[in-house]
Amino acid sequence: MYHQENKRIKERTEATDCEAGEKEVKGKCEACIPAQGEYQDEPGKNFCKRVKPGKAAQGSNEVPVICTPGTFSRNYKCIPCNADDGVYQDEEGGSFCKAIDPGYELDVEEPSDDMELDGDTERKVVVDKKPVKCKKGFYSKGSAKSCSPCSRDKKEYQNEIGATYCKICAGKSFEWSSVCEGLGCKEEELSKIELRKDAMFEWVSQ
2 MYHQENKRIK
12 ERTEATDCEA
22 GEKEVKGKCE
32 ACIPAQGEYQ
42 DEPGKNFCKR
52 VKPGKAAQGS
62 NEVPVICTPG
72 TFSRNYKCIP
82 CNADDGVYQD
92 EEGGSFCKAI
102 DPGYELDVEE
112 PSDDMELDGD
122 TERKVVVDKK
132 PVKCKKGFYS
142 KGSAKSCSPC
152 SRDKKEYQNE
162 IGATYCKICA
172 GKSFEWSSVC
182 EGLGCKEEEL
192 SKIELRKDAM
202 FEWVSQ
């Protein structure tokens with residue numbers, strides 16, 4: 002009986018017997034499960050460490066990696082922020098994506114020389130940088146990857162950057178004051194506009 006008891010104790014696994022990536026539970030070494038946010042980078046432990054927000058699990062015996070800008074942590078993985086959702090993340094270790102504020106849009110990345118050689122000349126929006134203000138002639142109400150142009154048909158314009166709405170050209174008649182649509186408008190009496198049109202018609206007819 003004594004001999005058998007000694008044999009049982011001798012065969013019992015202690016925490017010091019467990020390797021990195023494992024924990025001792027009731028005399029047995031059990032593996033930490035990265036998919037459940039567990040890891041252990043040190044041997045001889047009776048517990049698994051937890052993956053913190055903003056980081057992603059690797060192997061059961063590996064230290065988690067921090068999520069890079071443009072991504073966020075979810076279910077112990079780093080997930081890219083989706084530009085179409087109107088979000089971004091300009092910092093590392095993010096546990097969520099930030100919403101784009103009104104009057105702003107995602108920045109764009111100009112094609113590099115290598116991209117142009119590959120035939121890719123498209124300007125791409127980036128989610129790992131802070132958004133930029135809407136240009137003149139555009140506006141955004143927020144949570145949109147790009148600003149919307151003011152409508153010429155609706156007599157709208159915007160001569161300021163970072164706008165959240167378009168201004169309206171008042172009066173019965175107006176014309177654009179810039180070749181870049183939406184920057185501004187100037188009202189004129191209908192009779193003056195008609196006179197100028199008549200003069201232009203006569204000049205073309207000559």
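Each residue of the sequence shown is one higher than the one before, starting from 2 at the first, in the working numbering. In this text, a Cβ means the ideal position worked out from N, Cα and C, and glycines have one as well.
>> Just list the residues that DSSP pairs I169 with in beta bridges.
In response: E157
>> Please classify T17 as buried or exposed, where buried requires at least 16 neighbouring CB atoms within 10 angstroms.
In response: exposed
>> Less than 9 Å between the C-beta atoms of Q41 and K24, yes or no?
In response: yes
> Below 8 Å, can you find three or more Cβ-Cβ pairs linking the stretch 68-80 to the stretch 133-148?
Replying inline: no
>> Which residues does DSSP list as the beta-bridge partners of T72?
In response: P81
> What separation, rounded to the nearest whole angstrom, lies between the Cα atoms of Y77 and R51?
Replying inline: 10 Å
> Thinking C-alpha only, which one of V64, C148, P54 and C79 is nearest D85?
Replying inline: C148
> With a CB to CB cut of under 6 Å and the five nearest residues on each side skipped, what residues in its chain are close to F139?
Replying inline: C148 and P150
>> What does the Cβ neighbour count give for G143, buried or exposed, with the cut at 16 atoms within 10 Å?
In response: exposed
> By Cβ distance below 7 Å, which residues in the same chain neighbour C19 in space, the five residues on each side in sequence not counted?
Replying inline: E25, C30, P44, G45 and K46
>> Here's the rule: buried if 16 or more other CB atoms are within 10 angstroms of the residue's CB, otherwise exposed. What is V64?
In response: exposed
>> Relative to the C-alpha of G60, which candidate in D91, G87, V66 and P35 has its C-alpha closest?
In response: P35
> Should C170 be labelled buried (16 or more other beta-carbon atoms within 10 Å of its own) or exposed?
Replying inline: buried
>> My output table needs one value for P150: the three-state DSSP class, helix, strand or coil.
In response: strand
>> Residues in the same chain with beta-carbon distance under 6 Å from C79, minus the five sequence neighbours each way, listed in chain order, please.
In response: A57, C68 and T72
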